[in-house]
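Engineer: Sequences listed follow chains C and G, in order. Its first residue numbered 1, the first sequence is counted upward by one per residue in the UniProt record's numbering. Its first residue numbered 1, the second sequence is counted upward by one per residue in the UniProt record's numbering. Glycine is no exception: its CB is placed at the ideal position from the N, C-alpha and C atoms. Bear in mind the structure is a predicted one, so any value in this text is a computation, not a measurement.
Number of protein chains: 2
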Amino acid sequence: MSSSHREDSPCSAVSTLQVLSGKWKWLILYHLFEHPSLRFSELMRRIPGITQRVLTKQLRELEEEGIVERTVYPEVPPRVEYAITPYGQSLRPILDLMHAWGLEHLRRKAERAHQES
Amino acid sequence: MSSSHREDSPCSAVSTLQVLSGKWKWLILYHLFEHPSLRFSELMRRIPGITQRVLTKQLRELEEEGIVERTVYPEVPPRVEYAITPYGQSLRPILDLMHAWGLEHLRRKAERAHQES
DNA sequence: CTGTATCCCCGTGGATACTG
DNA sequence: CAGTATCCACGGGGATACAG
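1) Name, in chain order, the residues that DSSP records as bridge partners for ARG70 of chain G.
2) Sorted by chain position, which residues of the same chain lie with C-beta nearer than 6 Å to THR71 of chain C's C-beta, five sequence neighbours on each side aside?
3) Return the residue from the list G:PHE33, G:PRO48 and G:HIS99 that minimises the CA-CA distance to ILE67 of chain G.
4) Tell me, to the nearest whole angstrom, how far the beta carbon of LEU43 of chain C is from that of HIS31 of chain C; I am working on the premise that it is less than 8 Å.
5) To the nearest angstrom, report how far apart residue 132 of chain C and THR16 of chain C are at their CA atoms.
6) At a CB-CB cut-off below 7 Å, which residues of chain C make contact with ILE50 of chain G?
7) Going by other Cβ atoms of all chains shown within 10 Å of its Cβ, with 16 needed for buried, is ALA13 of chain G buried or exposed?
8) Using a Cβ-Cβ cut-off of 8 Å, state whether VAL19 of chain G counts as contacting chain C.
9) So with CB distances below 8 Å, who are the chain G contacts of LEU91 of chain C?
10) Cβ closer than 8 Å: which chain G residues qualify as neighbours of THR85 of chain C?
11) Between C:CYS11, C:PRO48, C:LYS25 and C:PRO10, which has its C-alpha nearest LEU91 of chain C's C-alpha?
12) To the nearest angstrom, how far is the alpha carbon of GLU65 of chain C from that of LEU97 of chain C?
13) Going residue by residue through the UniProt domain "HTH hxlR-type" (11–110) of chain G, where are the continuous beta strand (DSSP E) segments of at least 3 residues, counting only ones entirely within it?
14) Closest Cβ-Cβ distance between TYR73 of chain C and chain G: below 8 Å?
15) Anything in chain G within Cβ reach of TYR30 of chain C, meaning under 7 Å, just list it in chain order.
16) I want to verify the contact list: residues of chain G whose CB lies under 8 Å from the CB of MET98 of chain C, in sequence order.
17) Please check the pair ARG39 of chain G and ARG79 of chain G, which I expect to be a contact at CB under 8 Å, by giving their CB distance rounded to whole angstroms.
18) What distance in whole Å lies between the Cβ atoms of GLU61 of chain C and GLY22 of chain C, which are believed to be in contact at a cut-off of 8 Å?
19) Counting only the same chain and skipping the five closest in sequence on each side, list residues whose C-beta sits under 8 Å from that of ILE47 of chain C.
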């Protein structure tokens, strides 16, 4: 996953973004923070627009980084549940801050748009 | 800038990432946090690998969002300085958290790699 | 020095069909 | 239900040349 050119940036925040790079990863985390555990199909339903292929891929990458845990229940039909690992929990403060900032930013833009009308 | 499909995600963190989407934006912010003000060429030097075209584009987008301020000094040769706006300062806590998390993540990976050797 | 203007590559993600 | 397997489209970003 992009361990290609060894940029070795002095800014470690960049490596965080690297790990979480992927159009839907933070949204996936958001839902897993809201619900301790979700099935594959539940994630699909909660994330309109994502496809099976992409959801699978991003979950696998999050799992690879130790952020998400995948549990397979050997039943028929198969059931697979995803949950945030304790390590993944450490991302919560970041997501919360971004959530707050995003809200404020949207409010700010709405205000601007309103002013010039 | 991607106001295309109106996903209206319930997660506002996503809109934050949207605003800051761009390969080098956080790194640009990082340097502007370290130095109250930097010239275009100074940013170029501090960000190895970026091109003029892309640096310009990302700076313009940050400016558009009110995060970065661009000041042109009408001299010859021209001098342009970039600085974080007060509003942009509100991103600092997020960047700091990501910085810390990134460091810890790298440490963690190094540890793992070391274990299995 | 601080940019534009062109052209182009390639990786991420989307569409669709199929499977244990 | 929870995925793979293929194929493909698109746009963000890189290379290069040029300009005020």
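Structural biologist: This is what the structure holds:
1) The sequence position of residue 70 of chain G within the second sequence is 70, counting from 1. Paired residues: G:TYR82.
2) Taking the first residue of the first sequence as 1, we reach residue 71 of chain C at position 71. Closer than 6 Å at Cβ, skipping near neighbours: GLU81.
3) For the purposes of this step, residue 67 of chain G is taken as residue 67 along the second sequence, with counting starting at 1. Closest option to ILE67 of chain G, judged by alpha-carbon separation, among G:PHE33, G:PRO48 and G:HIS99: G:PHE33.
4) In the first sequence, counting from the first residue as 1, residue 43 of chain C sits at position 43. In the first sequence, counting from the first residue as 1, residue 31 of chain C sits at position 31. Between LEU43 of chain C and HIS31 of chain C a beta carbon distance of about 6 Å is seen, short of the 8 Å cut, so the two are scored as contacting.
5) Since the displayed chain C opens at 1 and closes at 117, residue 132 of chain C lies outside it and no answer follows.
6) Position 50 of the second sequence, counted from the start, is the residue given in the question as residue 50 of chain G. The contacting residues do not exist; ILE50 of chain G stays about 10 Å from chain C at best.
7) Locating residue 13 of chain G in the second sequence gives position 13, where the first residue counts as 1. Counting C-beta atoms within 10 angstroms of its own C-beta, ALA13 of chain G has 16 or more neighbours from the protein chains shown and is therefore classed as buried.
8) Translated into the one-based positions of the second sequence, residue 19 of chain G becomes position 19. So yes, VAL19 of chain G belongs to the interface.
9) Counting from one through the first sequence, the residue named residue 91 of chain C turns up at place 91. TRP101, listed in chain order.
10) The count along the first sequence starts at 1 and reaches residue 85 of chain C at position 85. The CB of THR85 of chain C never comes closer than 8 Å to any CB in chain G; the least such distance is about 12 Å.
11) To locate residue 91 of chain C, count along the first sequence from 1; it is residue 91. With distances taken between Cα atoms, LEU91 of chain C lies closest to C:LYS25.
12) Reading the first sequence from its first residue, position 65 is the one you call residue 65 of chain C. Reading the first sequence from its first residue, position 97 is the one you call residue 97 of chain C. For GLU65 of chain C and LEU97 of chain C, the distance between alpha carbons rounds to 22 Å.
13) Unbroken beta strand (DSSP E) runs of no fewer than 3 residues, entirely contained in the UniProt domain "HTH hxlR-type" (11–110) of chain G, are found at 68–73 and 79–84, following chain order.
14) Here residue 73 of chain C corresponds to residue number 73 of the first sequence, with the count starting at 1. Proximity of TYR73 of chain C to chain G, defined by a Cβ-Cβ separation below 8 Å, is not satisfied.
15) Along the first sequence, read from residue 1 onward, the residue named residue 30 of chain C stands at position 30. Ordered by position in chain G, the residues that pass the 7 Å Cβ test against TYR30 of chain C are CYS11 and ALA13.
16) As a first step, residue 98 of chain C must be located in the first sequence, where it is residue number 98. The CB of MET98 of chain C comes closer than 8 Å to the CB of SER12, ALA13, THR16, LEU17 and ILE94 in chain G, given here in chain order.
17) Along the second sequence, one-based indexing puts residue 39 of chain G at 39. Along the second sequence, one-based indexing puts residue 79 of chain G at 79. That pair is a contact at about 6 Å.
18) On the first sequence, residue 22 of chain C is found 22 positions in, with the first residue counted as 1. On the first sequence, residue 61 of chain C is found 61 positions in, with the first residue counted as 1. Contact between GLY22 of chain C and GLU61 of chain C holds: CB atoms are separated by about 6 Å, below the 8 Å threshold.
19) Here residue 47 of chain C refers to the residue found at position 47 of the first sequence. A distance below 8 Å between beta-carbons, with the five flanking residues on each side excluded, links ILE47 of chain C to the following residues of its chain, in chain order: TRP24, LEU27, ILE28, HIS31 and LEU55.
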